[in-house]
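See below for the structure under consideration.
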Amino acid sequence: MSTVSTNAQTRSWWRENQQKLTPYIFLIPGIIFFMVYVIIPIFESFWLSGFDWDGLGDKEWVGFANYQELFDDEAFYTSLKNNIIWLVLYMLAVPAGLGIAIFLNQKVAGIRAYKSLFFFPFVISQVVVGLIFAWFYAPNFGLFYKIIEWATGSGIAILAEPDMVTYGIIAAGLWPQIAYCMILYLTGLNNVDPEQIEAARLDGAKGLKLLWYVILPQLRPATFLAVVVTVIGALRSFDLVSIMTDGGPFGSSRVLSFYMYEQALSEYGYRMGYGASIAVILFLIMMVFISGFIWKMIDDERKGS
Amino acid sequence: MRSMLTVTISALAVVAASASFAEQRTVKYYADYDPAPLAAMKEIIADFEAANPDVKIEFQNFDHEGYKTSIRNFLTAEAPDLANWYAGNRMAPFVNSGQFMDVSDVWEANGLKDSLASALPSMTIDDKQWGVPYTYYQWGIYYNKEAYAAAGVEVPATYDEFVANCAKFQEAGIDCLTTGTKALWPGAGIFDYMNMRTNGYEFHMDLANGKVEWTDDRVKATFANWAKLVEPGYITKNHAALDWQDAAALLVQGKAANYVMGNFAVAVFKEGGMTNDTLGFLPFPVINPDVPRAEEAPTDTIHIPSGATNVEDAKKFLAYMAGAEAQTKMNAAMGQLPINKDAKVNEDDPFIVAGFELLSTTPGGIAQFFDRDAPAEMAKMGMEGFQQFMVQPEKLDDILARLEKARQRVYK
Chain A
5 MSTVSTNAQT RSWWRENQQK LTPYIFLIPG IIFFMVYVII PIFESFWLSG FDWDGLGDKE
65 WVGFANYQEL FDDEAFYTSL KNNIIWLVLY MLAVPAGLGI AIFLNQKVAG IRAYKSLFFF
125 PFVISQVVVG LIFAWFYAPN FGLFYKIIEW ATGSGIAILA EPDMVTYGII AAGLWPQIAY
185 CMILYLTGLN NVDPEQIEAA RLDGAKGLKL LWYVILPQLR PATFLAVVVT VIGALRSFDL
245 VSIMTDGGPF GSSRVLSFYM YEQALSEYGY RMGYGASIAV ILFLIMMVFI SGFIWKMIDD
305 ERKGS
Chain B
18 MRSMLTVTIS ALAVVAASAS FAEQRTVKYY ADYDPAPLAA MKEIIADFEA ANPDVKIEFQ
78 NFDHEGYKTS IRNFLTAEAP DLANWYAGNR MAPFVNSGQF MDVSDVWEAN GLKDSLASAL
138 PSMTIDDKQW GVPYTYYQWG IYYNKEAYAA AGVEVPATYD EFVANCAKFQ EAGIDCLTTG
198 TKALWPGAGI FDYMNMRTNG YEFHMDLANG KVEWTDDRVK ATFANWAKLV EPGYITKNHA
258 ALDWQDAAAL LVQGKAANYV MGNFAVAVFK EGGMTNDTLG FLPFPVINPD VPRAEEAPTD
318 TIHIPSGATN VEDAKKFLAY MAGAEAQTKM NAAMGQLPIN KDAKVNEDDP FIVAGFELLS
378 TTPGGIAQFF DRDAPAEMAK MGMEGFQQFM VQPEKLDDIL ARLEKARQRV YK
């Protein structure tokens with residue numbers, strides 16, 4: 005008798021809460037993976053950054069010594085400076101993507117083919133982009149080198165010039181990034197209300213003013229996404245640096261993510277603690293942007309509802 | 018009755034299994050050979066298996082760069098019985114963390130201290146030997162004889178003559194010295210020779226081992242000699258964006274005259290169309306006649322990881338690999354020099370003969386190469402400094418101060 009009643013009770017408890025519980029049950033696998041691969045490693049990095057460890061032997065607790073050394077490390081400031089240059093110049097992808105998207109947003113025969121051609125650089129891997137540009141800049145036989153040589157008499161090997169190398173790599177990175185922003189804006193432009201544009205035109209708006217006051221406000225979601233993707237892309241720029249210069253010449257094209265890799269995992273590195281402390285700094289920088297974005301998203305949602 | 022039968026059968030199966038196990042003991046061997054030495058290694062393994070029919074070598078080849086990263090993982094996680102690596106300080110992290118096994122008994126039992134004598138110092142840490150070397154190769158200057166003819170200069174005997182030649186090469190529009198430092202290490206070859214010729218082997222080793230300050234006047238003297246090539250622009254411009262093979266192409270095309278390189282580059286020069294008539298080798302010229310001549314000869318080695326499961330057979334293979342026959346075969350394929358003094362070298366290859374002559378008569382000592390003699394972190398910082406010096410010689414004081422700071426941290 006009593007068992008039956010408990011059974012009925014459990015069933016009814018499950019019945020009652022089924023609706024509430026199901027989403028959490030579905031979330032569990034995702035949460036587990038997110039914990040194991042993202043959240044826990046973040047805390048592990050914080051913890052590791054307090055050690056002097058080569059990855060094999062014993063860990064030695066050194067407290068904040070890694071950070072102390074980091075803030076006295078020329079290479080760290082070079083990487084930080086390059087990261088800032090990346091962030092600023094990478095933003096060019098947003099207006100450039102918008103420009104191309106507006107240019108391509110017309111109904112001509114074969115426009116789909118043109119669109120896909122513009123989108124092409126985003127499809128190929130970053131490694132391939134890096135190789136293409138490395139050859140483009142290559143001294144003695146690269147196309148860019150040859151053009152400069154033809155125009156000025158002596159070629160410039162961008163990737164060998166400590167003052168120019170970062171700009172050369174960013175240019176390579178912009179190529180696919182512009183394509184990405186373009187796609188975001190193209191989809192955004194599809195949703196622009198034609199009636200509003202017509203109304204604006206009747207009122208005599210045209211050109212830049214029409215773009216700025218009528219079209220751009222409607223593209224805000226696309227702009228937001230483009231900025232987020234570009235900021236994150238700039239901060240985690242690693243593949244191009246690794247492929248094109250390996251951080252050189254003498255470390256002048258390093259960025260934080262690459263420096264972290266060099267210190268912790270490359271052939272001459274294996275300073276896990278030091279690498280972790282760079283990772284922590286990079287994480288904190290990213291956190292500034294990410295929390296800004298999240299705050300804005302929540303804010304928008306609240307206003308929307 | 019039936020249970021008796023099953024027991025007997027399973028017992029038989031166990032016996033059979035262990036018997037077949039005894040017939041074929043396996044030795045797992047991880048390595049990173051290029052195609053030519055890989056073929057030779059497969060032959061050597063076949064020879065070894067023929068001589069030891071009860072041992073089977075399970076061989077797995079990695080690519081170079083991948084191997085350097087994965088060795089740290091597999092040594093700790095799933096160690097093979099044999100693994101390739103390098104001599105000198107490059108093996109020190111694995112020795113000190115107990116990842117490589119002491120194989121002094123193999124050296125003792127096979128008289129290797131005599132037959133492999135030239136590599137004994139670079140295989141020894143704490144008076145014990147930690148692996149077996151199977152090949153090394155000389156470094157020096159490879160030059161284009163046609164470029165020398167074009168500029169109308171003679172092969173130099175001293176560094177002063179070398180520098181004087183450079184002015185003539187510059188007039189002829191030829192880079193006197195080429196290099197490609199995109200991967201950093203080719204610059205270290207130049208530094209090693211500059212330093213060993215200026216201050217000698219002992220000083221060079223002390224520097225690599227962190228016993229001398231980088232801001233020492235003797236180090237500055239080395240760079241002052243080097244500056245004689247850097248400041249007038251005798252070294253290929255843009256070398257920081259070139260791979261070493263790109264620079265080799267310049268030498269092949271006659272756009273550059275000299276290249277400080279290891280003997281492995283000969284294959285690349287010859288692929289580019291050079292022959293024994295157009296390609297020359299000269300030992301790095303004398304700078305300071307008072308220091309005994311020392312040379313650079315990086316040594317490649319095989320080790321037994323501490324986690325090995327079949328140590329006994331792995332040692333057998335090491336002993337075989339140390340022998341004259343295996344080393345002759347391996348080095349004929351690699352185009353390099355055997356360590357074993359009884360092994361034969363290819364008499365038809367002038368570069369091999371020159372290298373053998375050079376290394377076997379070296380009075381000063383044999384260095385491994387900057388990134389093997391110095392600890393990894395110091396090597397990386399140093400090689401970046403060498404590259405920067407060849408681009409911005411005016412920043413020498415900054416560079417040396419930076420290296421000195423690194424020295425105080427790395428060797429503490």
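Protein sequences appear in the order of chains A and B. Every number in the working numbering is 4 more than the matching position in the first sequence, counting from 1. Every number in the working numbering is 17 more than the matching position in the second sequence, counting from 1. For each residue, glycine too, the CB sits at the ideal point set by N, CA and C.
For S323(B), the closest Cβ of chain A is not nearer than 8 Å. Interface with chain A (8 Å Cβ-Cβ cutoff): V408(B) is included. Measuring C-alpha to C-alpha distances from M264(A) to each of S241(A), M248(A), P253(A) identifies S241(A) as the nearest. Judged by DSSP secondary structure, I282(A) falls within the alpha helix (DSSP H) whose first and last residues are 276-308. Put simply, the segment 363-383 of chain B does not touch the segment 178-186 of chain B. Fewer than three CB pairs are less than 8 Å apart. Measuring C-alpha to C-alpha distances from G206(B) to each of K185(B), W243(B), G190(B) identifies W243(B) as the nearest. The alpha carbon of G148(B) has as its nearest neighbour, out of L137(B), N275(B), L55(B), the alpha carbon of L137(B).
Counting of Cβ neighbours within 10 angstroms places W57(A) among the buried residues, the total reaching 16 or more. For chain B, the residues of the segment 268-280 of chain A that bring a beta carbon within less than 9 Å of one of its beta carbons are L269, S270, E271, Y272, G273, Y274, R275, in chain order.
Judged by their CB atoms, L163(A) and M248(A) are nearer to each other than the 8 Å cut-off. Bridge partners of Q22(A) according to DSSP: none are assigned. Closest by C-alpha distance to A350(B), out of N305(B), F281(B), V112(B), is F281(B).
Approximately 7 Å separates the beta-carbon atoms of H256(B) and M407(B); this is inside 8 Å, confirming the contact.
Setting aside the 5 residues that flank it on each side, V285(B) is surrounded in the same chain by Q262, A265, each with a C-beta closer than 7 Å to its C-beta; the list follows chain order.
The segment 271-281 of chain A makes no contact with the segment 125-143 of chain A; the number of CB pairs closer than 8 Å stays below 3.
Inter-residue distance for T292(B) and V269(B) is about 10 Å (C-alpha atoms, whole angstroms).
Neighbourhood of A161(A) in chain B, by CB distance below 7 Å: N255, A258, in chain order. If you draw a straight line from the Cα of I201(A) to the Cα of A142(A), it is about 48 Å long.
With contacts defined by Cβ atoms closer than 8 Å, Y94(A) and A238(A) form a contacting pair. Residues of the segment 67-78 of chain A with a C-beta atom less than 8 Å from some C-beta of chain B are E73, E78, listed in chain order. Counting every other CB atom within 10 Å of its CB across the protein chains shown gives N21(A) a total below 16, marking it as exposed. Look at the segment 247-285 of chain B and you find these whole runs of beta strand (DSSP E), each 3 residues long or longer: 273-279. Measuring C-alpha to C-alpha distances from G296(A) to each of L223(A), Y189(A), A138(A), V232(A) identifies V232(A) as the nearest. Y159(B) is the residue among Y159(B), D414(B), K397(B), T316(B) whose C-alpha sits nearest the C-alpha of D294(B). Within the segment 109-143 of chain B, the residues whose Cβ lies closer than 9 Å to any Cβ of chain A are, in chain order, P110, F111, N113, S114, G115, Q116.
Annotation: Cβ neighbours of K85(B) in chain A (cutoff 7 Å, chain order): E271.
Within the segment 49-67 of chain A, the residues whose Cβ lies closer than 8 Å to any Cβ of chain B are, in chain order, D58, G59, L60, G61.
Residue pairing from DSSP places H320(B) in a beta bridge opposite A100(B). Between the alpha carbons of A384(B) and Y81(A) lies a gap of roughly 35 Å.
Within the segment 163-203 of chain A, complete alpha helix (DSSP H) segments of at least 4 residues are found at 169-194, given in chain order. Secondary structure remark: continuous alpha helix (DSSP H) runs of at least 4 residues inside the segment 91-162 of chain A, in chain order: 97-108, 115-127, 130-141, 147-156.
In summary, the residues of the segment 226-250 of chain A whose CB is separated from some CB of chain B by less than 8 Å are T249, D250, in the order they occur in the chain. About 5 Å separates the beta carbon of G381(B) from that of R310(B), a gap short enough to meet the 8 Å contact definition. Think of a sphere of 9 Å around the beta carbon of A396(B): the chain A residues whose beta carbon falls inside it are Y272, in chain order.
Contact annotation, I191(B) with A274(B): C-beta distance approximately 5 Å; criterion of less than 8 Å satisfied.
Secondary structure of Y272(A) (DSSP, three-state): coil.
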